[in-house]
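J.:
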Amino acid sequence: MIKTKLCDLIGIEYPVFQGGMAWTATGELAAAVSEAGGLGIIGAGQAPADWLRQEIHKIKKVTNKPYGVNVMLMSPFVEDVMQVIVEERVPVITTGAGNPGKYIPMLKEVGTKIIPVVASVALARRLEKAGVDALIAEGMESGGHIGEISTLPLVPQVVDAVSIPVIAAGGIYDGRGMVAALALGAEGVQMGTRFMCAEECTISSKVKEMILKAKDRDTVVTGRSTGHPVRCLGNKLTREFEQLEKEGTDPEVLEKMGAGKLRLAMVEGDTQNGSVMSGQIAGAVQKIEPAATIIQDVMQGSERELARLSQRFGR
Numbered sequence: 007m008i009k010t011k012l013c014d015l016i017g018i019e020y021p022v023f024q025g026g027m028a029w030t031a032t033g034e035l036a037a038a039v040s041e042a043g044g045l046g047i048i049g050a051g052q053a054p055a056d057w058l059r060q061e062i063h064k065i066k067k068v069t070n071k072p073y074g075v076n077v078m079l080m081s082p083f084v085e086d087v088m089q090v091i092v093e094e095r096v097p098v099i100t101t102g103a104g105n106p107g108k109y110i111p112m113l114k115e116v117g118t119k120i121i122p123v124v125a126s127v128a129l130a131r132r133l134e135k136a137g138v139d140a141l142i143a144e145g146m147e148s149g150g151h152i153g154e155i156s157t158l159p160l161v162p163q164v165v166d167a168v169s170i171p172v173i174a175a176g177g178i179y180d181g182r183g184m185v186a187a188l189a190l191g192a193e194g195v196q197m198g199t200r201f202m203c204a205e206e207c208t209i210s211s212k213v214k215e216m217i218l219k220a221k222d223r224d225t226v227v228t229g230r231s232t233g234h235p236v237r238c239l240g241n242k243l244t245r246e247f248e249q250l251e252k253e254g255t256d257p258e259v260l261e262k263m264g265a266g267k268l269r270l271a272m273v274e275g276d277t278q279n280g281s282v283m284s285g286q287i288a289g290a291v292q293k294i295e296p297a298a299t300i301i302q303d304v305m306q307g308s309e310r311e312l313a314r315l316s317q318r319f320g321r
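Residue 7 is where the sequence shown starts when you use our numbering, and the numbers rise one by one after that.
#1: Quick check on this structure: which residue in F83, G285 and V164 has the alpha carbon closest to the alpha carbon of R132?
#2: Check this for me: beta carbons of L15 and P171, under 8 Å apart or not?
#3: Nearest to Q292 by CA position, among K214, S169 and L79, is which residue?
#4: Is the beta carbon of A297 closer than 8 Å to that of A38?
#5: Check whether the region 48-62 touches the region 76-96, counting contact only when three or more Cβ pairs, one atom from each stretch, lie closer than 8 Å.
#6: Does the distance from the C-beta atom of Q286 to that of T225 stay below 8 Å?
#7: Between P106, K135 and V116, which lies nearest to P2 when the distance is taken from Cα to Cα?
#8: Would you mind stating whether G150 and F23 have Cβ atoms separated by less than 8 Å?
#9: Using the three-state DSSP reduction, which class does A143 fall into: helix, strand or coil?
#10: Since T244 is in the alpha helix (DSSP H), which residue starts that stretch and which ends it?
#11: Taking the alpha-carbon of D40 as reference, which of D56, Q60 and K66 has the nearest alpha-carbon?
#12: Exposed or buried, which one is T118 when buried takes at least 16 other CB atoms within 10 Å?
#13: Which residues bound the alpha helix (DSSP H) around V164?
#14: Going by alpha carbons, who is nearest to M112 out of V90, A130, V124 and E61?
#15: Apart from the five residues on each side of it in sequence, which residues of its chain come closer than 6 Å, Cβ to Cβ, to E19?
#16: If you reduce the DSSP assignment to three classes, tell me which class P111 lands in.
#17: Are V116 and V77 closer than 8 Å when you measure CB to CB?
#18: When you compare only the Cα positions, how much space is there between M7 and Q278?
Following this line, the structure appears as structure tokens:
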């Protein structure tokens, strides 16, 4: 199986991260991914610190392998969340929506690896200087909050700009995506949408059904007028949002409209009025299966693809 610098850095068997999706990536899913050899990541989102501690304890009951927590730096609970991470000595954190610089010293003190998500070369360079351990270069194909550059041009530019390991994210689903990421210079991949359809993922079955039925053009991007674009599967909410944006609705009104909609979909199962954040690769997801099966499919598919390329182009 493929081994990279990322495996050595974190102590994982396979260079596969499971995305830390809010209200989606709970302790159950993260534990299954970590136990299977990847890096399972709890999505802290805007949840309170007590909730996060509970999810961390779920993982510790299942596996002693490395795991991570994704921290949304704009969360109102971010200070308390960081304190829990330090107290629980979480092996890895990934971060989004900001610069984790102020927290780096306290995290380093307990041995936590810090791996921010970036959508630009400028931010990648700034965070490397701040002392982070690796970076996740996430293209706009991904679900949820996105940047403006797609995965193919973003990853090699970030790789060339920094000396620390880079993980590719956005539009990656199988072994072909893994091999493509490695060819771009990445040391591993992060996948979100496919893991939403893992058996251990606790989101509503209605959301999983929506992903399984999705086609290649079924995601839409809303919120550009607010400065915080989000990729979701199209539904009643996105249509209403798009119409209000066309009418020039105040961004603050739109932000309030979006509040709580992710939980409405993922936890409560309202796939029409909730925000079904999903990547463009949703059209390729065909079944619900164990997290371990997903990881093995990616890794075995990578080996097959490398063998095919070697046979076709090797000398």
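No residue lacks a Cβ here, since even glycine has one placed at the ideal position from N, Cα and C. Just so we're clear, the structure is a prediction, and the values are computed from it rather than from any experiment.
T.: By the coordinates alone:
#1: V164
#2: yes
#3: K214
#4: yes
#5: yes
#6: yes
#7: For residue 2 there is no data in the structure shown, the boundaries of the chain being 7 and 321.
#8: no
#9: strand
#10: K242 to K252
#11: The residue you asked about is not Asp; residue 40 is Ser in the sequence shown. Out of D56, Q60 and K66, K66 has the C-alpha closest to the C-alpha of S40.
#12: buried
#13: T157 to A167
#14: V90
#15: G43
#16: helix
#17: no
#18: 41 Å
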